[in-house]
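Protein chains in written order, with this note's numbering: chain A, 1 to 695; chain B, 1001 to 1695.
Protein chains: 2
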Amino acid sequence: MTLLQTPPVPALEASSLQRAEDGRRRAVVDAVLPAVDGGRFAVKRVAGERLTVEAHCFADGHDALRVLLLWRNEADTAWQQVTMTAHPNDIWRAAFTPPTPGRYRYTVCAWVDAFDSWRHELARRVDADDIRLAARSGALLIDAAAQRAGDARDRAALAEWAIALDARAVDAGAAGGAGDSATLKAMALDAALGAVAARYPDRHLEARYPAELPLAVDRERARFSSWYELFPRSASPEPGQHGSFRDVEARLPYIAEMGFDVLYLPPIHPIGREKRKGPNNTLTAGPDDVGSPWAIGAAEGGHKDILPALGTPEDFRRLVAAAARHGLEIALDIAFQCAPDHPYVKAHPDWFRWRPDGTVQYAENPPKKYQDIYPFNFESEDWRALWLELKSVFEHWIVEGVRIFRIDNPHTKAFGFWEWVIKEVQHTHPDVIFLAEAFTRPKVMHRLAKLGFTQSYTYFTWRNTKQELTAYFTELAQGAGREYFRPNAWPNTPDILNEYLHGGQRAAFMARLVLAATLSANYGIYGPAYELLDGEPRDPGSEEYRDSEKYQLRHWDLTRGDSLAPFIARINRIRRDNPALQADHSLRFLDIDNDQLIAYVKRTDSGADDGVENVVLCVVNLDPHHVQSGWIALDAAGLGVDIEQSFQMHDLLANQRFTWQGPRWFVQLDPARSPAHVFVLRRRVRSERDFDYFL
Amino acid sequence: MTLLQTPPVPALEASSLQRAEDGRRRAVVDAVLPAVDGGRFAVKRVAGERLTVEAHCFADGHDALRVLLLWRNEADTAWQQVTMTAHPNDIWRAAFTPPTPGRYRYTVCAWVDAFDSWRHELARRVDADDIRLAARSGALLIDAAAQRAGDARDRAALAEWAIALDARAVDAGAAGGAGDSATLKAMALDAALGAVAARYPDRHLEARYPAELPLAVDRERARFSSWYELFPRSASPEPGQHGSFRDVEARLPYIAEMGFDVLYLPPIHPIGREKRKGPNNTLTAGPDDVGSPWAIGAAEGGHKDILPALGTPEDFRRLVAAAARHGLEIALDIAFQCAPDHPYVKAHPDWFRWRPDGTVQYAENPPKKYQDIYPFNFESEDWRALWLELKSVFEHWIVEGVRIFRIDNPHTKAFGFWEWVIKEVQHTHPDVIFLAEAFTRPKVMHRLAKLGFTQSYTYFTWRNTKQELTAYFTELAQGAGREYFRPNAWPNTPDILNEYLHGGQRAAFMARLVLAATLSANYGIYGPAYELLDGEPRDPGSEEYRDSEKYQLRHWDLTRGDSLAPFIARINRIRRDNPALQADHSLRFLDIDNDQLIAYVKRTDSGADDGVENVVLCVVNLDPHHVQSGWIALDAAGLGVDIEQSFQMHDLLANQRFTWQGPRWFVQLDPARSPAHVFVLRRRVRSERDFDYFL
């Protein structure tokens, strides 16, 4: 027999065996979900929103496992602990609710629990000798728990239990009476004492998931917001006059009545004079042409300054305060680029690319040229100073009371900068929201969201058919991006007038508004162009507006009888009243046998603590020209009611109530009247006094 | 204007900005695939097998990117570089072929290439002034490349090019002749010189994917192997006599003729006498009962010793050598557990759990008891010595010439041990193969494969219907496990006689063999029970064999006329001749309109370098009792031929050739004759002499 002929230990092993006590950790935490790229990036939630964590845990053999979810605010060192519960297929679950905005971490630990294992086995034992022996083994485990007990009374109780259990086992052994087994078993399985022992587990061989996964927690508006964009310079009541912050202030009640909570302003800074663009983006500007607000910077200043025609810093502060009184937050447009006469160009030539002829490299995508725009050179030797200065732009406007920034074309600036600056700003101001205005390739948009952007523009504007909308919003709600990519859906922007809206069909504008506002918890419109049904492209088939406000003043008649303002107000009211519309993960599309009709359901997380569940079912007619009808296929899973019992569907747009029953229901929508139903489900409830009513 | 009012720098940032040059790296490597748990575990391939790597890369703006795949053997420090090529949606691809078994690493780096960007832009420029200016900028880039050029002739050529290009641009500027543009452009875009410059890229701002992903490369048998299991003690030609290694040696030609390449032996060690089990797992063994080979250890020795009745170490070495001459490798069964009289129990009491009554804790799962088995205590204080000793068991048999180990119940031993010991053994012997015999929950089986097991037993034995087989093998071939979990499919084992085989229906045994051998590149049978159609359960509905060889000797009449040996030989021959059956990733199921018929295709990776592509289509009748027929739906994608042209399907089992054409084909299988077709596709080829034949 060759037991002692152990061969010499090769190199690798010596080192690998030095991994101290690791070898005895028998529990395995194989996965922790959700996670973005294995923890490289943060999962996103809002304060007060529950995060349900799933872990895949097991150990060798049949021993009992205990699993804990650990979470903490990054500012804290101590972990909060939540017991995870076992589900089939080695899945363990627990949830926690981050109370405030900020950055958090969560991970999972597990250990093989000798005490639990002992109890589970003892419960299944039948042989009297086995039970006696097991009782004595248990006494040792209980005594060990007593040693660990911090509380003196617990310690005493456990020690006493251990002694009594062992003594009884020994006596029974001596007496040899098999009748003792039941008593002994009962004594060993004492629930109350078992609970005490469970409070002092032996965790010295606990296994920890290798990553501490990051969680970015924002305030609620990050998940649920209604944006309204307008050009202050077009806000004057006098046609042809340059509007100001005062004019915007006067318009606040109008915007607030429509039910928006974010008022987003294009850049408010001095506009460059060199290479200024004329109306409809012509290359030559007349002396009175106002130019593009995105050509930032002139003698009067740059990104921290205000175009004098709009008002003073004091006027701006007044506007911010007045907006707040109307439940509106001001969002600023931050476009990190310079007009040729921006002060940065002289003060920091190193921040730009220079050409052999001694001129600065303007933005271009040959043969296209943007001579009025100088991009920053993010490969500048002086990049640190550049980063700090750009960060100080945010800090400047934060001091002025701004907490929401819409970032212009973030995908044309260094990605590393965004990851750094967003973390920086939110470190001191966790309530700041960043919206990424990137209409580019999917992986680039996702990267920006991973890097920290709170919300992201989407492809919604170009998704018009049932198939397009279903595929895209299913991906947004169910795909990998759901944990970090928060869509903000816009039916129009100053840059995008989709062909679906050309001609200004009222039903088309209504349908797209309902889709944006119900498919996506965050949405916005560019007004008054939207509520006043502006569907005039610069050229047929173009996505540019004719006489775009990007290059000239416009005057809008808000009193027009055909304005969508009242309809928009109704939609936003419905959004505020129905929590189901204030989040995106629950979205599910329903089968409906007409490709011009699209139907979908959103519901509140039944696990959530917001009382009775809220279920909203939307049906939209995508054809602005004809009446369309079809049969919806309902399923209990989607509605969360017994569809064999009758229930009420309350159309909040028409304020009509329908009683439905069974799996299929007929719907007809006339675009001339309303292109959509927005139903909320009313459950049948039996009152004490024994008649039915609907919640 | 407030440019200079930069607020003070808060804490976080100072530190974060010290991340040195990071800020200027504009390229992004967002993902590298394949990867197992983000690189925590290794992807698996075999030597000579191409690994195609996909990376998701992009940068801000429109600049040109260059992306390299880096790979190396862990033993080397230098990286091999492969240029990755761009595909739609920011996906980049490249492949490499690890030449030898061992552990490798791969990762991806990318950078924004100023020279490439310049060329792409210049090519699109039209304005003469732009072209002149761009040519001068380019001259600077070319000069910089010249500085970097290691080769003197390249350096000279580039410097010359830079000077000439700049001079020509200046002259053209002076002359003002627009006609020069074309010449200038041609000169700047010179392909040959461009290629030289591209050899000296500016990589100082290159971005690297954060993880170096591990790749475990095995020898080819890890991916393609045919196993035959037998009990040496039943190999005697004399009924009732204890068989020996010499008897197995005499049987090698029989096994080799069937076409197997791995001969797997249950434990060959001394068998415990204490608590020895009798026939059919009875608790009391008679004096002549041989006991279970898995009750390892007795006075004669333990895991490094041989049961005297089987032979001497010398006999074992003879067997290994003789097997090799027949193209067979010996695989040993390693079961880390001890009989009560195993020498370890006395020599290392610390390696076992002791009970209050001074006895060792045997294996049990209350109320079930296995008194003849002592498990090791992997929480032993002395775990390091235990790990080293268990590792030395592998090393002992490696010295004896064994390179394949079948591990008994690895999921009842500490997972950490397996990760360590497999890495240890393969570090010095990369040709060693470990097969995990774990029939347990999915996540546990996957974890063992991630930890390093080369092959894994599967649920195949319990997957008998078309739906079960389709779902399970689609998951194995397409699911996340495909990168690390290598299935080894067995229609029977000494522990598992599935009900499908009860009664010994010849057609059932044939069908299950074809399924195992064609669905899975690694498969095995327990013989002679299989080829002799043993379908006798211990009790009706039991999965245990009656008079199981696990507890007693059996005598087998290999000369029986109804033996499946010739059929098995044919199947194994087909596997050797058709590379499509030697790997699993290509598996695709075809639609066939009869639930008793299952059809699927396997093909060689068209990208591979093995000449003409090999395509195999199998159809199996799952009903052993009745003729079944149906229509297969073919698709060009599946077969890789133009199905509108006629092509030949050659049934390698019946050696019949059929000419097919079009998308649907009729198939009928009579279990009384053959329950399966194994077609290889023969393409129509036009010879020089202009008549058709089939490859």
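For each residue, glycine too, the CB sits at the ideal point set by N, CA and C.
> Name the DSSP bridge partner or partners of B/Leu1590?
Replying inline: Partner(s): B/Ala1599.
> Is DSSP giving A/Gln361 helix, strand or coil here?
Replying inline: Correct three-state label for A/Gln361: coil.
> Run through DSSP, which three-state label would B/Asp1261 get?
Replying inline: Reduced to three states, the DSSP call for B/Asp1261 is coil.
> Taking only beta-carbon atoms, is A/His411 less than 8 Å away from chain B?
Replying inline: True, the Cβ-Cβ gap to chain B drops below 8 Å.
> Does DSSP put B/Pro1675 in a helix, in a strand, or in coil?
Replying inline: Three-state DSSP puts B/Pro1675 in coil, outside helix and strand.
> Since A/Phe58 meets chain B, which of its residues come closer than 8 Å, beta carbon to beta carbon?
Replying inline: What A/Phe58 touches in chain B: Arg1441, Lys1443, Val1444 and Arg1447.
>> Just to confirm, is the Cβ distance from A/Val43 to A/Tyr484 under 8 Å?
In response: Yes, the Cβ-Cβ distance between A/Val43 and A/Tyr484 is below 8 Å.
> Looking only at C-alpha atoms, which of B/Pro1494, B/Asn1409 and B/Ala1216 sits nearest to B/His1427?
Replying inline: Measuring from the Cα of B/His1427, the nearest candidate turns out to be B/Ala1216.
>> The alpha helix (DSSP H) that contains B/Gly1572, what's its start and end?
In response: First, the amino acid is wrong: residue 1572 of chain B is Asn here, not Gly. Judged by DSSP secondary structure, B/Asn1572 falls within the alpha helix (DSSP H) whose first and last residues are Ala1565 to Asp1577.
> According to DSSP, is B/Arg1251 helix, strand or coil?
Replying inline: Under the three-state reduction of DSSP output, B/Arg1251 falls in the helix class.
> Going straight from the alpha carbon of A/Ala608 to that of A/Arg50, what length do you get?
Replying inline: Residue placement at A/Ala608 is poorly supported in this model, since its pLDDT is 46, which falls under 50; the coordinates still yield a value, given next. When rounded, the distance between both Cα atoms is 7 Å.
>> When you compare the CB of B/Glu1379 with every CB in chain A, is at least one pair closer than 8 Å?
In response: Interface criterion met: the Cβ of B/Glu1379 is under 8 Å from a Cβ in chain A.
> Of all the options A/His348, A/Asp642, A/Trp665 and A/Ala55, which has the alpha carbon lying nearest to the alpha carbon of A/Asp591?
Replying inline: Distances from the CA of A/Asp591 to each of A/His348, A/Asp642, A/Trp665 and A/Ala55 were compared; the closest alpha carbon is that of A/Trp665.
> If A/Gly272 and A/Gly301 are in contact, beta carbons under 8 Å, what's the gap, nearest whole angstrom?
Replying inline: Their Cβ separation, rounded to whole angstroms, is 11 Å, which puts A/Gly272 and A/Gly301 out of contact at 8 Å.
> Using DSSP with H/G/I as helix, E/B as strand and the rest coil, what is B/Tyr1500?
Replying inline: Per DSSP, reduced to three states, the secondary structure at B/Tyr1500 is helical.
> For B/Ser1137, which residues in chain A fall below 7 Å Cβ to Cβ?
Replying inline: Those are Arg355 and Pro356, listed as they occur along chain A.
> Hey, A/Gly527 and A/Glu499 are a contact pair by Cβ (cut 8 Å); roughly how many whole angstroms apart?
Replying inline: Not a contact, Cβ separation roughly 20 Å.
>> Closest to A/Trp725 by C-alpha separation, out of A/His56, A/Asp670, A/Arg125 and A/Thr107, would be which residue?
In response: Nothing in the structure corresponds to residue 725 of chain A, since chain A is present only between 1 and 695.
>> Helix, strand or coil for B/Asn1280? Go by DSSP, reduced to three states.
In response: In the three-state reduction of the DSSP assignment, B/Asn1280 falls in the helix class, which pools H, G and I.
>> Quick check: is the beta carbon of B/Gly1061 nearer than 8 Å to any beta carbon in chain A?
In response: For B/Gly1061, the answer is yes, since a Cβ of chain A falls inside 8 Å of its Cβ.
>> Cβ closer than 7 Å: which chain B residues qualify as neighbours of A/Asn89?
In response: Arg1441, Pro1442 and Lys1443, listed in chain order.
> Given a limit of 8 Å on CB to CB distance, which residues of the segment 1193 to 1216 of chain B reach chain A?
Replying inline: For the segment 1193 to 1216 of chain B, the beta-carbon criterion of a distance under 8 Å to any beta-carbon of chain A is satisfied by Leu1205 and Pro1210.
>> Residues of chain A with CB closer than 7 Å to the CB of B/Leu1028, please, in chain order.
In response: A quick correction: the sequence has Val, not Leu, at residue 1028 of chain B. By Cβ distance, chain A contributes Phe415 and Arg447.
>> Using only the alpha-carbon positions, how far apart do A/Leu283 and A/Gly401 sit?
In response: So the two alpha carbons sit approximately 36 Å from each other.
> Can you list the residues of chain A that B/Glu1314 reaches, using a CB-CB cut of under 8 Å?
Replying inline: At a C-beta separation below 8 Å, B/Glu1314 has no neighbours in chain A, since its nearest C-beta there lies roughly 14 Å away.
>> Can you tell me where the beta strand (DSSP E) holding A/His56 begins and where it ends?
In response: Residues Leu51 to Ala59.
> Counting along the chain, where does the alpha helix (DSSP H) carrying B/Glu1329 start and finish?
Replying inline: That residue, B/Glu1329, is in no alpha helix (DSSP H); its beta strand (DSSP E) goes Glu1329 to Ile1334.
> Residues of chain A with CB under 9 Å from B/Asp1593, in chain order?
Replying inline: Those within 9 Å of B/Asp1593 in chain A number zero; the least Cβ separation is about 26 Å.
>> Give me the DSSP bridge partner(s) of B/Ala1616.
In response: Sequence check: residue 1616 of chain B is Val here, not Ala. Answer is B/Lys1602 and B/Val1680.
> How far does the beta strand (DSSP E) with B/Pro1487 in it reach, from first residue to last?
Replying inline: It spans Pro1487 to Ala1489 - the beta strand (DSSP E) in which B/Pro1487 sits, taken as one unbroken run.
> Secondary structure at A/Trp118, three-state DSSP: helix, strand or coil?
Replying inline: Looking at A/Trp118 - three-state DSSP - the assignment turns out to be helix.
> Taking C-alpha atoms, which residue in B/Ala1027, B/Arg1105 and B/Trp1071 lies nearest to B/Arg1040?
Replying inline: Here the closest residue by C-alpha is B/Arg1105.
> Residues of chain B with a CB under 8 Å from the CB of A/Trp383: which are they?
Replying inline: For a Cβ distance threshold of 8 Å, residue set Gly1023 and Arg1024 of chain B lies close to A/Trp383, ordered along the chain.
> Does the separation of the CB atoms of A/Leu158 and A/Ala146 fall below 8 Å?
Replying inline: Cβ distance < 8 Å, so A/Leu158 and A/Ala146 count as in contact.
> Is DSSP giving A/Met187 helix, strand or coil here?
Replying inline: Secondary structure of A/Met187 (DSSP, three-state): helix.
> How do the segment 458 to 476 of chain A and the segment 352 to 370 of chain A stand: do at least 3 beta-carbon pairs fall below 8 Å, yes or no?
Replying inline: With a cut-off of 8 Å, the segment 352 to 370 of chain A and the segment 458 to 476 of chain A do not count as touching, because too few Cβ pairs lie within range.
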